[in-house]
Amino acid sequence: MLNNLTECEEGDGGPNSQGDATSKESSPFINSSTSDVEKSQQYDGKNMALFEEEMDTSPIVSSVLSSLANYSNLTQGSKEHEEAENNEEARKKTVQAPRMGTIMGVYLPCMQNILGVILFLRMTWLVGVGGVLGTFVIVFMCCSTTMLTAISMSAIATNGVVPAGGSYYMISRSLGPEFGGAVGICFYLGTTFAGAMYILGCIEILLIYIVPAAAVFKMEGLEGAEAEAALLNNMRVYGTIVLSLMSLVVFVGVKYVNKLALVFLACVILSILAVYAGVIKTAFDPPDFPVCVLGNRTLVSKSFDICAKTIEKGNGTVTTKLWRAFCDSEFLNATCDDYFTNNNVSQIQGIPGVTSGILAENLFSMFAEKNTFVEKRGIAAVLDPEAPLTNTNRYVLADITSFFTLLVGIYFPSVTGIMAGSNRSGDLQDAQKSIPVGTILAITTTSIIYMSSVILFGACVDGVVLRDKFGEGVNGNLVIGTLAWPSPWVIVFGSFFSTCGAGLQSLTGAPRLLQAISRDGIIPFLRVFGHGKANGEPTWALLLTGCICEIGIIIASLDSVAPILSMFFLMCYMFVNLACALQTLLRTPNWRPRFKFYHWALSLLGMSLCLTLMFLCSWYYAIIAMVIAGCIYKYIEFCGAEKEWGDGIRGISLSAARYALMRLEQGPPHTKNWRPQILVLMGLDGEQNVEQPRLLSLTNQLKAGKGLTIVGACVEGTYLNNQPQAQKADQSLRKLMEIEKVKGFSQVVISSNLRDATSHLIQAGGLGGLRHNAVLVSFPKNWKQAEEHHRCRNFIEVVRETTAAQLALLVPKNISAYPSNGERFTEGYIDVWWIVHDGGMLMLLPFLLRQHKVWRKCKMRIFTVAQMDDNSIQMKKDLMTFLYHLRFDAEVEVVEMHDSDISAYTYEKTLVMEQRSQILKEMHLTKNEREREIQSITDVSRGSIRRKNPSNLHPQRSIAEESVTGGGEERPEEEVQLIQGKNATPTPTSPTSPTAPTPVAMSPGEEVQMTWTDETEKTNNPAVANPENIKDMFNMKPEWENLNQSNVRRMHHAQRLNGVIVKKSQEAKLVLLNMPGPPRNRTGEENYMEFLEVLTEGLNRVLLVRGGGREVITIYS
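If you read the sequence shown in the numbering used here, its first letter stands for residue -2, the second for the next number, and so on.
Shown next as structure tokens:
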């Protein structure tokens, strides 16, 4: 970005000279190939020794200051700017165009765009229909809106360098690519429809006031709808021809358009001066523009030659052309129209003059329905209500139904064009000075012109002439032209060339705006319109602009097109005000406008006025414009390129997030608002790729995009050495989250060991009140293998820490068998085994899963276990009532589990489990380490709560146990087990127990397989077949006497519960059950894993769940 660096001058003695001369600098950039020796020579004598090691990333100020001061105006962002300047083509010296000042660059272009077709063709009609007061309110409201918008725009334009791109650049860089693209497209559509409006105004002047005979569809003798259709068809034909010619002119060369701009502006100024001169002249010499009125109805001047029914000619009375228009013959005894017969013909002065007092008559509105008569106020008329209307084509009629909001929509385009100066920011000498001064001065000037015009038109021209939109009552003259001096033709030709010039300007600006949006790359399907001719002219964008402009031409009515472009311009102005208000309220450090006369309240007022005017103009057009902008916004959000422009929306997101986090700190969420905020612990392989991607699939199915999701991973090592691996891991997580459509955050922690890193994630994940309340971790695979022992220990520590932190824990087993997000279950069950109450997690999780399309068609079944003394029938009724109150649809079943004696198989399983635990401990600990660990855990156990040994199913104490406890003193069960593990060794006397196993000789898997007792042994061994002979069995297998009875009971319960679950839920799509807690001390951790393995054996998909110590469901609304 800063490669245009100034080079130091060499000394007079050349590069090798001594003294004050310094050697020539190289560009201090990153990845510089300069050696350390050369670098030390370069900065020797520069008093920069402290910073010489940072010169690759932090160049000397003196070397970059010139480039910073001569920052070039580019439409790209900073990154693209840097890439563009690094190109060889960008380094070529370009010829600078002459820069313009405030008057030529901003003031006059804004004047030309603001003053236009509405002033000449519709202003008098607006005053006549809306009244002086109503029209003045409309003008004041619209001008206030543009003035407030100009103030906001000036603040944005002076907050740093505004590259060529004008309003689109300002909005997109202030509000982000989504808002920028949406508003940019709206501004483009508004500019394009403005071109159509100017072309329609040009054709209207041509066909009605200059050469009416050129009409392809003749309107002579046509009435009502036929005449209107003919006029619209003429507009369509000639509008298409003029649009084609203008597009050709723009395609051939924009330079011709720019050269003619001053000519067109001169026509506008001359026309306005002619109007003011005519107003002054009416004060002492009003022009003669008689208007013929029948009763109080204005007559079309083409239907008569003399404003009278009869005239005296010689000695007789002769009927006139007006008589023959309303009667069936020219004779005095002819049958005439009733209204014509009953009312007199009078002639009034169309322009009585500024001193006539006509202002009082024109002060109030006079709205009319379509095809009603334009009537003179203050004249009585005789009207038969039952008489049919005839000869309506002889009167001046209202062509549309008028009302206040319609007038707002028609007038507002006359105040657009305030962006003309900012659009030329790249051509200005000092944009930060010229844009505010020129734009505000232009709006002030045009506002004075419009407001004075409202008053002067109402004070000079009669109401019937003002309401005569096409001048039918004044010989087909342009109404504003009747007021002009020295001739109406000054206004006619001036307005004609003005509309032509404005149309050319629109067709020139709109394609360039579309090209700028396309080149930004935020809307993928528009990228083709970023291309053009070799000189950069937007050919494809011009073609699209012409097609859209043709839509406005086909509409053909200027009054119908004006509200459409009003919507798009108002939306653009609204977001300019919003951008300024946001930046001001957020107080971002970069918000330092040179223009100081702004305030967030003014911006909000301007935004409110824009929104009000949108719905005043046309509520359905406003909704359509908002829908278009909304669709573009969502399209950019989902499909568009991601851009980081430092926009204000991100700033408001940060402020809103801070406010929300502070609110969350006020207390824990209510049970009704509880939802799983999940921390997903992912494993990584050696290449930092995710090992179990289905975990994120399950996360997506649980969350459905709602709530907080943190996907965490751990990297082993130090932060300084392993940061690249952490970044790669983070990229892997983000990519997988995008694939699985998991909305959340990724977090990678580096620590010296994975255990500590996982602990850091659990402790420090989230921020403030937005923290995880549940942890999702996969059940460790191959945990029985010796090399996976560390994973087993880490998993158990995670269980312990989540319990201590009061976090819920979700442990899916066989995660690879879980469905992906693309799969669908057409039937099946989600079975919940509710063994202990966990706050309702087991109930809530199936409900959340069934919200996702993968599990939607699965039904929910809830099983609970009844003990010997429980009433299972009442339990089922209570559970069904509870589910009814919770609004859960589920089948309910109570499973009865009666007490039974412990089988020989259970003892064998427990024996092998404890032997395996001892082997693993000896494999991983030296003798001294084992002694230290046992001693430390023994000390902890002595302080624990003493528990009584269960009386049932306990065999006689072993000799080792009695000798340790020392007579009748009871010790905690864990301590007894621990000392047994120290003193007792496996006794391989049983035929089914392993013989002196070693890690090499036999795998743990093989050990487990050897523990099964076959059926023949059960048959031949009466102690096994008959549980009552349990003492005989102990006599046969003395090694069972040393077993920890707590482990025997747990193994027995796990096997029995597993048998029931497999019987009931083996075909279920998913089984959820309570996860038992780990042992409180550090011994027997492998036993805990064995219990979990036995509990879930034979099931395909199991989700083990531990509650977080709080209720998560409620029956209340």
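Positions of the beta carbon are idealized from the N, C-alpha and C atoms, including for glycine. Predicted model only: the values in this text are computed from it and were never measured.
Query	Result
Could you tell me if Gly964 is buried or exposed, where buried requires 16 or more neighbouring beta carbons within 10 angstroms of its beta carbon?	Interpretation of Gly964 is limited by its pLDDT of 39, a score under 50 that renders its predicted location unreliable; the figure taken from the coordinates is listed afterwards. That one is exposed.
Contact defined as beta carbons within less than 8 Å: I believe Val114 pairs with Leu504. What is the distance between those atoms, to the nearest angstrom?	Not really, about 15 Å apart at Cβ, beyond 8 Å.
In this structure, what does DSSP give as the bridge partners for Ser343?	Val290
Rounded to whole angstroms, what is the Cα-Cα separation between Thr369 and Pro508?	42 Å
Return the CA-CA distance between Thr317 and Val288, expressed in angstroms with no decimal places.	17 Å
Smallest Cα separation from Phe184: which of Phe572, Met894, Val471?	Phe572
I'd like to confirm the pairing. Which residues does DSSP put opposite Asp828 in its beta bridges?	Arg858, Val1068
Considering only the alpha carbon of each residue, which of Cys614, Lys530, Arg847, Arg524 lies closest to Ile633?	Arg524
Which parts of the segment 257 to 345 are runs of the alpha helix (DSSP H), unbroken and 4 residues or longer, counting only runs that do not cross its ends?	318 to 323, 335 to 339
Check for me: the beta strand (DSSP E) holding Ser615 runs from which residue to which?	No beta strand (DSSP E) holds Ser615; DSSP gives it neither H nor E.
When burial is assigned at 16 or more other CB atoms within 10 Å of the CB, is Phe281 buried or exposed?	exposed
Taking Cβ positions, are Leu1069 and Leu839 nearer each other than 8 Å?	yes
How far does the alpha helix (DSSP H) with Leu676 in it reach, from first residue to last?	First-last for Leu676: 675 to 679, but that is the beta strand (DSSP E), not the alpha helix (DSSP H).
In three-state DSSP terms, what is Ser484?	coil
Which runs of the alpha helix (DSSP H) spanning at least 4 residues fall entirely within the segment 755 to 829, listed in chain order?	786 to 801
Determine the DSSP secondary structure at Thr353, reduced to helix, strand or coil.	A quick correction: the sequence has Ser, not Thr, at residue 353. Three-state result, Ser353: coil.
Checking 8 Å against the spacing of the C-beta atoms, do Leu733 and Val772 come in under that value?	no
Take the Cβ of Thr986 as the centre, count every other Cβ of all protein chains shown within 10 Å, and call the residue buried at 16 or more, exposed below.	Only weak support exists for where Thr986 lies, its pLDDT of 34 falling under 50; the value from the coordinates is given anyway. Per the 10 Å Cβ criterion, exposed.
Over what stretch of residues does the alpha helix (DSSP H) that includes Gln429 continue unbroken?	428 to 457
Roughly how many angstroms lie between the CA atoms of Gly157 and Asp517, to the nearest whole one?	20 Å
Run the CB neighbour count on Asn791, radius 10 Å, all protein chains shown included, and call it buried at 16 or more, exposed below.	buried
Can you say whether Lys810 is buried or exposed, counting buried as having 16 or more other CB atoms within 10 angstroms of its CB?	buried
Mind checking which residues open and close the beta strand (DSSP E) that includes Phe742?	742 to 748
On the DSSP bridge list, what partners appear for Met97?	Leu425
Are three or more beta carbon pairs between the segment 246 to 265 and the segment 473 to 482 nearer than 8 Å?	no
Is it the case that the segment 417 to 437 contacts the segment 309 to 329, given that we only count it when at least three CB pairs across the two stretches are under 8 Å?	no
Cys711 bridges to which residues according to DSSP?	Val746
Note down, in chain order, each residue of its chain lying with its Cβ closer than 8 Å to the Cβ of Asn388, except the 5 sequence neighbours on either side.	Ala322, Phe323, Asp334, Phe337
Per DSSP, what kind of secondary structure is Val1109 in: helix, strand or coil?	coil
For Phe370, which of helix, strand or coil comes out of DSSP?	strand
Give me the DSSP bridge partner(s) of Thr189.	DSSP lists no partner for Thr189.
Taking 7 Å as the cut-off, is the beta-carbon of Ile514 closer than that to any non-hydrogen atom of the ligand COA?	In terms of ligand content, the structure shown is empty, and the ligand COA therefore cannot be addressed.
Tell me the rounded alpha-carbon separation between Thr536 and Leu245.	11 Å
For Arg119, which of helix, strand or coil comes out of DSSP?	coil
In the structure shown, what three-state DSSP assignment does Ala578 receive?	helix
Go ahead and label His769 buried or exposed: buried means 16 or more other beta carbons lie within 10 angstroms of its beta carbon, across all protein chains shown.	buried
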